[in-house]
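Since the structure comes first, as structure tokens, the remarks are kept for the end.
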């Protein structure tokens with residue numbers, strides 16, 4: 209039987225679906241009997257989802273027009289020098 | 053061609069045509085992530101800003117030659133990493149994946165037989181919706197990501213936030229698949245610890 213420490217080491221592989229059927233089964237067996245590890249896996253899943261949402265939240269900011277203008281004018285300048 | 057591939061193909065065509073709205077879309081999707089990842093390598097916000105701006109210019113100048121062998125995102129981050137690498141080389145440094153201080157904060161959580169000393173408990177207060185709605189928690193998570201060693205930070209951003217597949221992350225960072233998994237796990241443990249402190 210896996211120890212709690214071993215379960216935490218394989219936790220990301222479990223929630224990302226990277227474990228073999230046998231390894232995943234061993235994990236699930238432990239989780240069925242261990243409240244602490246079950247809560248830990250729940251926390252890690254939440255961490256994964258929160259991290260993704262935080263990244264998506266940043267994408268919803270309005271793009272910075274000043275910077276975009278600066279990039280496009282530098283691009284224009286670079287192309288003009290090329291030709 | 054899948055829907056995603058078709059959308060990307062259309063987006064690339066609009067970029068090639070010089071459509072500003074297309075550039076705004078790509079910029080919005082990646083700029084903040086590029087800055088955060090790059091700052092992890094160069095350790096200087098102004099330099100990161102400069103390199104990200106140079107990357108955008110290179111992307112727009114060369115988009116006509118983009119052949120779709122990787123995803124558009126993979127191509128953009130590869131250009132950024134190459135720019136960061138040459139800047140660091142120029143300054144006599146290198147992109148370091150030094151992961152010293154690997155203690156993930158969990159070693160002390162177990163007894164000699166690998167059992168929890170104090171059992172974790174379910175979080176009542178944290179959901180993605182609440183985190184994003186509350187500016188403070190969102191900043192707390194961002195601060196935790198910014199405190200990560202550069203390689204963990206890069207993997208968490210590319211794989212965990214921008215959704216690039218593992219093979220692309222390996223190619224961009226020039227590390228193995230096993231490494232990507234380990235770095236992603238360590239990064240998550242650090243963010244988990246930061247969230248746990250909020251309870």
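Chains as they are written, first to last, in our numbering: chain A, 209 to 291; chain B, 53 to 251. No residue lacks a Cβ here, since even glycine has one placed at the ideal position from N, Cα and C.
Inset, instruction - Starting from the C-beta of residue 135 of chain B, find all residues in its chain whose C-beta is less than 7 Å away, skip the five residues before and the five after it, and write them out in chain order. - result: 103, 106 and 107
Inset, instruction - Can you give me the start and stop residues for the alpha helix (DSSP H) that residue 201 of chain B sits inside? - result: Segment: none, residue 201 of chain B is in no alpha helix (DSSP H) and carries neither H nor E.
Inset, instruction - State buried or exposed for residue 281 of chain A, treating a residue as buried only when at least 16 other CB atoms are found within 10 Å of its CB. - result: exposed
Inset, instruction - At 8 Å on the CB atoms, spell out the chain A contacts of residue 194 of chain B, in chain order. - result: 262
Legend entry - Beta-carbon proximity list for residue 220 of chain B, same chain, < 7 Å, skipping 5 on both sides: 122, 123 and 126
Inset, instruction - Spatial neighbours of residue 227 of chain A within its chain, please: CB distance less than 8 Å, with the 5 preceding and 5 following residues excluded, ordered by chain position. - result: 218, 221 and 235
Inset, instruction - Please classify residue 168 of chain B: is it buried, with 16 or more other beta-carbons within 10 angstroms of its beta-carbon, or exposed? - result: buried
Inset, instruction - Mind listing the chain A neighbours of residue 173 of chain B? Cutoff is C-beta to C-beta under 7 Å, in chain order. - result: 247
Legend entry - Same chain, Cβ closer than 6 Å to residue 95 of chain B, neighbours up to 5 away in sequence not counted: none
Inset, instruction - Spell out a yes or no on whether the segment 261-272 of chain A and the segment 81-97 of chain B are touching, meaning 3 or more CB-CB pairs, one atom from each, closer than 8 Å. - result: yes
Legend entry - Rounded straight-line distance, which links the Cα of residue 212 of chain A to that of residue 213 of chain B: 28 Å
Inset, instruction - Taking all protein chains shown into account, decide if residue 204 of chain B is buried (16 or more other Cβ within 10 angstroms of its Cβ) or exposed. - result: buried
Inset, instruction - Mind reading off the beta-carbon distance from residue 208 of chain B to residue 239 of chain B? Whole number of angstroms is fine, and I expect it under 8 Å. - result: 4 Å
Legend entry - Beta-carbon gap between residue 192 of chain B and residue 246 of chain B smaller than 8 Å: yes
Inset, instruction - Could you check the C-alpha separation between residue 289 of chain A and residue 283 of chain A for me, to the nearest Å? - result: 10 Å
Inset, instruction - Please list, in chain order, all residues of the same chain as residue 235 of chain B whose beta carbon is under 7 Å from its beta carbon, the five residues on each side excluded. - result: 203, 204 and 207
Legend entry - CB contact below 8 Å: residue 79 of chain B versus chain A: yes
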